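Residue numbers (the working numbering), protein chains in the order written: chain A, 1 to 778; chain B, 779 to 900.
Structure first, then comments.
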Amino acid sequence: MSSRKQPKGKIRPPKKPNSADAQFNDNWDRLAQAIREIHKKNASILSFEELYRNAYNMVLHKNGDKLYNGVREVITQHLEEVAVSQVVPAFPLSGASSSQTNPNGAGGANFLKVLKTVWEDHTTCMLMIRDILMYMDRVYAKTANVPLVYDLGLDLFRDTIVRSQNYPIQNHLLEVLLQQIKLERENEIIDRTNVKASIDMLLELTDASTKDTVYATDFENKFLETSSEYYRVEGQMLVGEYDAPEYMKKVDKRLNEEEQRVRHYLSQTTEPKIRNIVEEELISKHLKTVIEMENSGLIPMLRNEKMDDLGRMYKLFGRVVKGHDEMKSAISDYIRELGKAINETVTSNTTAEGGNAASGDKQTGATVAVRWVQEVLDLKDKFDKVQNLALSNDKAFQTSFNEAFEYFINKNSKSPEFISLFIDDNLKKGLKGKTEEEVDSVLDKTITLFRFIGEKDVFERYYKQHLAKRLLLGRSVSDDAERGMIGKLKVECGYQFTTKLEGMFNDMRISSDTMTDFKEYLDKSVLEKPKLDLSVTVLTSTFWPMNLSASPRCNLPPELTKACGTFQNFYLGRHSGRRLTWQSNMGTADIRGSFKARKHELNVSTYQMVILLMFNDKQDGESLSYEQIKGESDIPEADLKRNLQSLACAKYKILVKEPKGKEINPGDQFNFNNDFTAPLQRIKIQTVASKVESEGERKETREKVEEARKHQTEAAIVRIMKDRKTMEHNLLIAEVVKQLQSRFMPNPALIKKRIEALIEREYLERATGDRRVYNYLA
Amino acid sequence: FFTSLSKDFSVLLDHSDDYNVIIRVGDEKNEKTFQAHSVILRARSPYFKRALSNDWARKEDGSTVFTKPNVSPAVFEIILKYIYSGTIDLNNQDPSHILELLIASDELLLQELFNHVQDYLL
Chain A
1 MSSRKQPKGK IRPPKKPNSA DAQFNDNWDR LAQAIREIHK KNASILSFEE
51 LYRNAYNMVL HKNGDKLYNG VREVITQHLE EVAVSQVVPA FPLSGASSSQ
101 TNPNGAGGAN FLKVLKTVWE DHTTCMLMIR DILMYMDRVY AKTANVPLVY
151 DLGLDLFRDT IVRSQNYPIQ NHLLEVLLQQ IKLERENEII DRTNVKASID
201 MLLELTDAST KDTVYATDFE NKFLETSSEY YRVEGQMLVG EYDAPEYMKK
251 VDKRLNEEEQ RVRHYLSQTT EPKIRNIVEE ELISKHLKTV IEMENSGLIP
301 MLRNEKMDDL GRMYKLFGRV VKGHDEMKSA ISDYIRELGK AINETVTSNT
351 TAEGGNAASG DKQTGATVAV RWVQEVLDLK DKFDKVQNLA LSNDKAFQTS
401 FNEAFEYFIN KNSKSPEFIS LFIDDNLKKG LKGKTEEEVD SVLDKTITLF
451 RFIGEKDVFE RYYKQHLAKR LLLGRSVSDD AERGMIGKLK VECGYQFTTK
501 LEGMFNDMRI SSDTMTDFKE YLDKSVLEKP KLDLSVTVLT STFWPMNLSA
551 SPRCNLPPEL TKACGTFQNF YLGRHSGRRL TWQSNMGTAD IRGSFKARKH
601 ELNVSTYQMV ILLMFNDKQD GESLSYEQIK GESDIPEADL KRNLQSLACA
651 KYKILVKEPK GKEINPGDQF NFNNDFTAPL QRIKIQTVAS KVESEGERKE
701 TREKVEEARK HQTEAAIVRI MKDRKTMEHN LLIAEVVKQL QSRFMPNPAL
751 IKKRIEALIE REYLERATGD RRVYNYLA
Chain B
779 FFTSLSKDFS VLLDHSDDYN VIIRVGDEKN EKTFQAHSVI LRARSPYFKR
829 ALSNDWARKE DGSTVFTKPN VSPAVFEIIL KYIYSGTIDL NNQDPSHILE
879 LLIASDELLL QELFNHVQDY LL
């Protein structure tokens with residue numbers, strides 16, 4: 001049936017209401033004719049009031065279904081015509097899928113343009129048809145449970161045009177859309193408005209069975225599949241052709257483009273899906289390859305501090321599940337590797353120097369330690385910078401970096417000693433070139449390394465030793481800096497950790513007060529004044545790291561012995577019940593020596609003083625043998641050798657040794673060097689400075705630490721058991737570990753041994769019946 | 779404030795210098811022309827919203843002319859008054875008008891009015 005058969009725009013005489021059917025037919029003819037006029041864009045000749053009234057009357061006279069079906073038929077017919085006359089002729093040339101050539105693209109674009117017009121015409125017409133059939137929509141469609149007429153129009157368009165059974169419109173549409181997108185991906189300019197119109201059309205149409213949009217059912221899956229394939233190929237191509245930074249830039253660009261594409265002409269619901277595809281194909285699948293790219297991957301980026309590239313990698317890889325994990329582990333491995341290298345240079349240095357370690361080259365040991373710490377700090381700085389500039393200070397990365405640092409720092413068994421030496425170096429040198437603020441910031445950084453140390457008790461022991469030397473030899477830059485450092489340690493490890501250190505400071509302070517009092521005491525007293533100025537530092541034996549229980553052997557000169565006696569009387573008079581032991585191995589003395597050229601004031605250790613005083617009784621040129629000195633002074637052999645070395649083999653040769661050489665051997669002869677000259681009036685004879693310990697000392701320190709650990713472990717066990725009264729073995733071990741781990745990692749075997757020791761001493765007992773449970777014995 | 783709103787709108791219906799819709803109501807024997815405002819009609823009635831839209835409005839001398847032959851002027855007056863002021867007085871009406879009003883309010887999709895008249899009749 002064609003519209004031409006109908007008489008057009010004819011006004012009929014009013015019908016007699018003799019037959020309802022005739023009335024209906026008459027009304028319907030007019031309406032159908034009107035709809036055709038609307039389709040022909042002739043609506044301006046139509047009267048809304050009349051058409052509405054016609055439809056209203058039909059519905060009122062129970063002819064709603066006839067009306068509805070009639071409308072459906074007219075619209076369907078129209079759309080069939082449109083398909084044949086407009087859509088099919090616009091089909092792009094066959095082979096639209098081979099999108100190489102532009103004509104295809106143009107043909108496709110034209111097809112979309114035609115569809116756009118067809119769709120716009122249809123919707124415009126449907127709006128007008130809806131207007132005149134408003135009564136039908138309100139009254140009939142509702143009760144008959146059929147779609148409103150506008151929706152009916154959409155469904156008809158879907159079935160007659162978009163999913164036409166007669167013409168392959170759907171295939172062409174989908175192919176053209178995908179082709180246009182592909183062209184755009186390949187940097188061709190396409191007319192987005194046409195694409196968008198078709199997409200919007202698909203979005204407005206609903207799939208009857210799924211109630212989803214036709215966009216979702218017909219287009220989206222195909223689009224995603226094609227994209228997946230496209231990016232799979234592209235990913236393989238890019239990874240082969242570009243280096244890591246370029247690759248990531250490309251990926252970044254792609255992600256951006258796809259996001260833009262969705263925003264401009266696809267549905268927002270597609271955004272996460274296409275993003276996932278690009279992320280999967282371009283990032284997930286090539287994670288390792290990109291990270292490991294030889295001259296441009298993650299490690300080279302770190303090496304060359306390519307913060308922008310690293311930042312880009314962080315952002316990109318963060319989009320996929322494994323991305324950050326892979327980055328983290330690669331960086332951590334790299335840190336471990338660098339750390340290992342630092343450790344190795346140090347060990348190779350120390351072993352290389354092992355041979356001449358005793359040869360008075362005292363600085364080297366400390367230098368190695370300082371260099372190690374400095375290198376670790378530099379490494380830390382570097383990765384802090386990476387963390388800050390490229391990784392958005394990501395906590396997870398920080399944790400993983402920290403673990404890597406912890407790992408290699410603890411691989412170096414000397415790290416507690418090194419760190420303490422480094423602090424020692426800074427607190428001693430401070431004034432030489434660095435301001436106090438600079439020292440402070442260095443120490444702050446050092447604390448971060450300290451945090452990584454597992455064996456904090458070992459550090460504590462070294463720190464005490466170094467601090468003791470600094471305090472007693474007056475080597476500290478400033479009290480403030482020392483106290484600042486202790487403050488920092490306190491923040492890290494708590495009060496317990498630093499009480500002894502603070503006790504050492506206290507001793508120093510009290511001693512200086514005591515000395516003031518002692519001078520007053522001497523001024524007032526009738527006693528004979530000592531011939532020398534005596535300055536005594538009284539140390540509380542439990543605070544200080546040295547063994548202070550007994551005086552080392554040494555025959556002091558009588559003047560000194562006498563002065564010591566005077567002080568002892570003074571001190572014990574004020575503090576009864578205390579015991580003083582003299583630590584002559586730690587003292588220093590200022591003595592005046594007359595040489596041929598001039599007089600010099602020598603600052604020497606007590607032992608050196610004792611040695612030098614022996615030469616007072618000797619004639620010029622008269623020599624003393626090693627054995628003589630040893631016998632007369634009674635200084636322990638190791639100390640004696642070291643002090644003789646300082647006097648005879650170091651920078652200032654106060655004594656001349658025969659035969660010459662760097663080592664002190666039994667049978668050596670020593671002469672007072674009358675010809676000694678030096679530019680300065682006041683000369684400090686370097687005593688052995690703090691340095692990396694020798695193997696023997698290390699072993700000793702180790703043993704002391706082990707011993708201390710035994711006590712600490714027992715103390716922890718008793719503390720816990722006293723509180724709980726009874727406890728199962730594993731729980732007890734866990735609790736002990738928890739309490740001690742801030743200082744060191746106790747191993748379960750050690751704890752077990754201590755438990756057994758405590759059982760032996762009847763602090764604990766095994767529960768009767770269950771041997772795995774312990775009871776506390778009050 | 780609704781009372782004064784309603785009163786002011788009634789005045790607007792009777793005395794206005796900016797009418798832009800002319801409505802011819804009734805058949806040849808009994809035709810009457812009303813003047814009204816497109817914006818008010820369209821706001822108050824979905825029927826007029828469509829009828830007076832750009833797609834359908836027929837203009838003569840700047841005013842939209844609308845013809846409604848199947849409603850009598852008396853009834854349309856009640857409808858216009860209802861549309862403008864939201865008020866209606868059924869008690870002083872000819873009973874035949876009331877029935878016609880019911881039918882017209884259904885055609886013109888004045889649901890509220892239709893319900894009211896229906897309740898009144900029951």
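Note that the Cβ used here is the ideal one computed from N, Cα and C, for glycine as well.
Fair warning: this is a prediction, and the values are worked out from it, not measured in the lab.
Check: Same chain, Cβ closer than 7 Å to A:R784, neighbours up to 5 away in sequence not counted; Outcome: Past the edges of chain A, shown from 1 to 778, lies residue 784 of chain A, and the structure says nothing about it.
Check: Interfacial residues, the stretch 863-895 of chain B to chain A, with Cβ spacing under 7 Å; Outcome: E885, L887
Check: Continuous beta strand (DSSP E) stretch holding A:I591: start and end; Outcome: 588-594
Check: Segment limits, beta strand (DSSP E) that includes A:I683; Outcome: 682-684
Check: Endpoints, the beta strand (DSSP E) within which A:S605 is located; Outcome: 599-605
Check: Contact set for A:N412: own chain, Cβ-Cβ below 6 Å, skip 5 residues either direction; Outcome: N343
Check: C-alpha distance - A:A83 paired with A:P168, whole-angstrom precision; Outcome: 10 Å
Check: Whole-angstrom C-beta distance between A:L644 and A:I654, which should lie under 8 Å; Outcome: The pair is not a contact, with the Cβ atoms about 10 Å apart (cut-off 8 Å).
Check: The stretch 385-393 of chain A / the stretch 445-461 of chain A touching (three or more Cβ pairs under 8 Å); Outcome: no
Check: Nearest-angstrom Cα separation, counted from A:K382 out to A:F450; Outcome: 18 Å
Check: Interface positions of the stretch 137-171 of chain A facing chain B (Cβ-Cβ less than 7 Å), listed along the chain; Outcome: R138
Check: Simplified DSSP state of B:E940, which is helix, strand or coil; Outcome: Beyond the ends of chain B as shown, which are 779 and 900, falls residue 940 of chain B; an answer cannot be given.
Check: Nearest neighbour of A:E80, chosen from A:G484, A:L302, A:G153 [CA to CA]; Outcome: A:G153
Check: Neighbourhood of A:K66 by C-beta distance below 8 Å, restricted to the same chain and skipping five residues each side; Outcome: F24, W28, M58
Check: Local conformation of B:T865 per DSSP, three classes; Outcome: coil
Check: Range covered by the alpha helix (DSSP H) that runs through A:V231; Outcome: Reading off the sequence shown, one finds Tyr at residue 231 of chain A, where the question assumed Val. Run containing A:Y231: 221-241, per the alpha helix (DSSP H) assignment.
Check: Under 7 Å between C-beta atoms of A:V146 and A:L133; Outcome: no
Check: Buried or exposed (CB count within 10 angstroms, at least 16 for buried), A:D137; Outcome: buried
Check: Run of the beta strand (DSSP E) containing A:Q260, from where it starts to where it stops; Outcome: Here A:Q260 belongs to no beta strand (DSSP E); instead the alpha helix (DSSP H) covers 244-265.
Check: Cβ pair A:I717, A:I733 closer than 7 Å; Outcome: no
Check: Residue of A:E520, A:M508, A:E437, A:D523 minimising C-alpha distance to A:A481; Outcome: A:E437
Check: Extent of the continuous beta strand (DSSP E) to which B:A814 belongs; Outcome: 810-814
Check: A:T581 in three-state terms, based on DSSP; Outcome: coil
Check: Closer than 7 Å at the beta carbon, the chain B residues around A:V30; Outcome: Reading off the sequence shown, one finds Arg at residue 30 of chain A, where the question assumed Val. Neighbours of A:R30 on chain B: none; closest Cβ ~15 Å, over 7 Å.
Check: Any chain B beta carbon closer than 7 Å to A:M128; Outcome: yes
Check: Given A:V290 as reference, the closest of A:K249, A:E714, A:R163 once Cα atoms are compared; Outcome: A:K249
Check: Neighbour list for A:E49 in chain B, Cβ cutoff strictly below 7 Å; Outcome: A829, F844, T845, K846
Check: Option in A:A369, A:S332, A:K328, A:E337 with minimal Cα separation from A:V346; Outcome: A:A369
Check: Among B:K810, B:S794, B:L879, nearest to B:I801 - alpha-carbon criterion; Outcome: B:K810
Check: Reference A:V114; option with closest CA among A:T768, A:V74, A:Y626, A:S85; Outcome: A:S85
Check: Partners in chain B for A:R53, counting only beta-carbon separations shorter than 8 Å; Outcome: N848, E885
Check: 6 Å Cβ shell around A:N63 - same chain, five flanking residues per side excluded; Outcome: F24
Check: Spatially closest choice to B:D792 from B:G804, B:V803, B:F812, B:S874, by CA coordinates; Outcome: B:F812
Check: B:D833 at chain A interface by Cβ criterion, 7 Å; Outcome: yes
Check: CA-to-CA distance, A:Q77 to A:S209, given in whole angstroms; Outcome: 24 Å
Check: Chain-ordered neighbours of B:P824 on chain A, where CB pairs are closer than 9 Å; Outcome: M134, R138
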